[in-house]
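So the structure is just underneath, and the comments pick up after that.
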Amino acid sequence: MKRFLNSRLGLGLVSIFFAIILFLTAASSSHNHSNSQIYSPIETYTHSLKDVPIDIKYDSDQYFISGYSYGAEVYLTSTNRIKLDSEVNSDTRSFKIVADLTKSKPGTATVTLKVINLPTGVTATVSPDKISVTIGKKETKTFPVRGSVDSKQLAKGYEISKIETGIDKVEVTSDESTIALIDHVVAKLPDDQVLDANYSSRVTLQAVAADGTILASAIDPAKANLSVFVKKITKSVPIRVEAVGLMDDSLSDIQYKLSKQTAVISGSREILETIDEVVAEVNISDVTKNTSKTVSLVSNQVSIEPSVVTVQLTTTKK
Numbered sequence: 162m163k164r165f166l167n168s169r170l171g172l173g174l175v176s177i178f179f180a181i182i183l184f185l186t187a188a189s190s191s192h193n194h195s196n197s198q199i200y201s202p203i204e205t206y207t208h209s210l211k212d213v214p215i216d217i218k219y220d221s222d223q224y225f226i227s228g229y230s231y232g233a234e235v236y237l238t239s240t241n242r243i244k245l246d247s248e249v250n251s252d253t254r255s256f257k258i259v260a261d262l263t264k265s266k267p268g269t270a271t272v273t274l275k276v277i278n279l280p281t282g283v284t285a286t287v288s289p290d291k292i293s294v295t296i297g298k299k300e301t302k303t304f305p306v307r308g309s310v311d312s313k314q315l316a317k318g319y320e321i322s323k324i325e326t327g328i329d330k331v332e333v334t335s336d337e338s339t340i341a342l343i344d345h346v347v348a349k350l351p352d353d354q355v356l357d358a359n360y361s362s363r364v365t366l367q368a369v370a371a372d373g374t375i376l377a378s379a380i381d382p383a384k385a386n387l388s389v390f391v392k393k394i395t396k397s398v399p400i401r402v403e404a405v406g407l408m409d410d411s412l413s414d415i416q417y418k419l420s421k422q423t424a425v426i427s428g429s430r431e432i433l434e435t436i437d438e439v440v441a442e443v444n445i446s447d448v449t450k451n452t453s454k455t456v457s458l459v460s461n462q463v464s465i466e467p468s469v470v471t472v473q474l475t476t477t478k479k
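Under my numbering, the very last position in the sequence shown is 479; numbers go up by exactly one each time.
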């Protein structure tokens, strides 16, 4: 064996053997690398957009449309992150959702939503893919504006003294059948407001039926100033002194004089109607001579003004 390895022929055969092994190893590595490149998955990016505006095409000179959703959800997909991000951003977006009603007639129409101007390499799915729209002959009419405040929006013990709107009349546009149902336009106090002080702000106007049902319409102007003036519900009642405790044995009589004879109470109208006086309780157990005491006027049903009074006590000895 040593002779064979030391011979030129043996060395040549060994060299050829190792060369073949190295070649096969390199070829296998190259093949695996090539397969890795071929089968490497392409990354896909997605994004969901809510309330994307719907552009409705219709004859706005003849018709008024209502009863539809103003926005839709769009699911975007792309392998190009830069393009996708551009469509996600409303400031750089090129696509639109369109509903074409140009060939529709008065009544209720169902129309397919289409995505237009979508860049190459970006796909979009819209939900819902269809919307229903009510189409009616357009009509414009003038209606009076009234201020409105729900009684639940007044703090306990308050009532409205006056409501003013910055405008008396407005023009309302809708379809013919809806215009026939409109009674007036309301400037309503926002639902999140509970008043214990005067209020003034611009509010959105709404066309309503006689029973208060809000009706679909376009109002010009769309907003008006609403001013609500509130006041406390009050009542003036006499203050009566009531002595508590035992009179000292050295006294035969005590006379009382109040610093104020009447008090103003405030609260709900129902409770005020049940109250005819306010009692000032004076403890006379420690009284042995002429003196004065400060007494609190307290009630768990109403607020009282003033909250304290001074009582002058004049004593008579036995």
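Built from N, CA and C at the ideal position, the CB exists for glycine as well. In this text, all values refer to a predicted model and were calculated from it rather than measured experimentally.
Exercise. Kindly confirm or deny that the segment 283-290 and the segment 327-345 touch, where touching means at least three C-beta pairs closer than 8 Å.
Key: no
Quiz item: Is the segment 271-278 touching the segment 304-323 in the sense that three or more CB pairs, one from each, lie closer than 8 Å?
Solution: no
Quiz prompt | Selection from K264, T471 and P351 that minimises the alpha carbon distance to L366 | solution = Comparing Cα-Cα distances from L366 to each of K264, T471 and P351, the minimum goes to P351.
Quiz item: Are the segment 393-408 and the segment 435-447 touching by the rule of at least three beta carbon pairs closer than 8 Å?
Solution: yes
Self-check item: When L315, L376 and A385 are compared against Q354, the one with the closest alpha-carbon
Solution: L315
Self-check item: Rounded C-alpha distance that separates T475 from T423
Solution: Distance between the alpha carbons of T475 and T423: 21 Å.
Quiz item: Can you name, in chain order, every residue of its own chain whose Cβ lies under 7 Å from the Cβ of L342, other than the five neighbours on each side?
Solution: Only A370 and L376 meet the Cβ criterion.
Exercise. Measuring alpha carbon to alpha carbon, tell me which of I321, N386 and T477 ends up nearest D357.
Key: I321
Quiz item: Mind checking I203: buried by the 16 CB within 10 Å criterion, or exposed?
Solution: exposed
Quiz item: Who does N386 pair with in a DSSP beta bridge?
Solution: R363
Quiz item: So what's N193 in DSSP terms, helix, strand or just coil?
Solution: Because N193 carries a pLDDT of 48, less than 50, the predicted location of this residue cannot be relied on, and the following value inherits that uncertainty. It is helical.
Exercise. Following the continuous alpha helix (DSSP H) through I328, name the residue where it begins and the one where it ends.
Key: Looking at the DSSP string, I328 is not in any alpha helix (DSSP H), and its letter there is neither H nor E.
Practice problem: Using 10 angstroms around the beta-carbon of L407, count the other beta-carbons present and answer buried if the total reaches 16, otherwise exposed. | Solution: exposed
Self-check item: Residue nearest to K349 in terms of C-alpha spacing, selected from Q462, A368, D220 and F225
Solution: A368
Self-check item: Rounded distance between the beta-carbons of V425 and T395, thought under 8 Å
Solution: Cβ atoms of T395 and V425 come within 8 Å of each other, at about 5 Å.
Quiz item: Which residue comes first and which comes last in the alpha helix (DSSP H) that contains K418?
Solution: K418 -> not in any alpha helix (DSSP H); beta strand (DSSP E) instead, spanning L412 to L419.
Quiz item: First and last residue of the alpha helix (DSSP H) that includes T339?
Solution: E337 to I340
Exercise. Quick one: grab the DSSP three-state call for E204.
Key: coil
Quiz item: Taking Cβ positions only, does T240 come closer than 9 Å to chain C?
Solution: The chain labelled as chain C is not found in the depicted structure, where only one protein chain is given.
Quiz item: Quick one: complete beta strand (DSSP E) runs, 3+ long, within the segment 391-468?
Solution: 395-405, 412-419, 423-427, 439-444, 452-457 and 464-466
Quiz item: Excluding sequence positions up to five away, which residues of its chain have a Cβ less than 6 Å from the Cβ of T253?
Solution: S247
Quiz item: Quick one: complete alpha helix (DSSP H) runs, 4+ long, within the segment 208-293?
Solution: Given a length threshold of 4 residues, each whole run of the alpha helix (DSSP H) inside the segment 208-293 is given here in chain order: 242-249.
Quiz prompt | Minimum C-alpha distance to V259 - residue among N250, I243, Y236 and I292 | solution = I292
Exercise. Could you have a look at S312 and say whether DSSP puts it in helix, strand or coil?
Key: helix
Quiz prompt | G373 in three-state terms, based on DSSP | solution = coil
Exercise. Note down, in chain order, each residue of its chain lying with its Cβ closer than 7 Å to the Cβ of A233, except the 5 sequence neighbours on either side.
Key: Non-local C-beta neighbours of A233 in its own chain, meaning closer than 7 Å and more than five positions away in sequence, comprise V213, I215, I258, L274, V287, S288 and P289, ordered along the chain.
Quiz prompt | Beta-carbon proximity list for V346, same chain, < 8 Å, skipping 5 on both sides | solution = F304, P305, V306, R307, V331, V333, L366, Q367, A368, V369 and I380
Quiz item: Of the residues Y231, S221 and D222, which one's Cα is nearest the Cα of K211?
Solution: Y231
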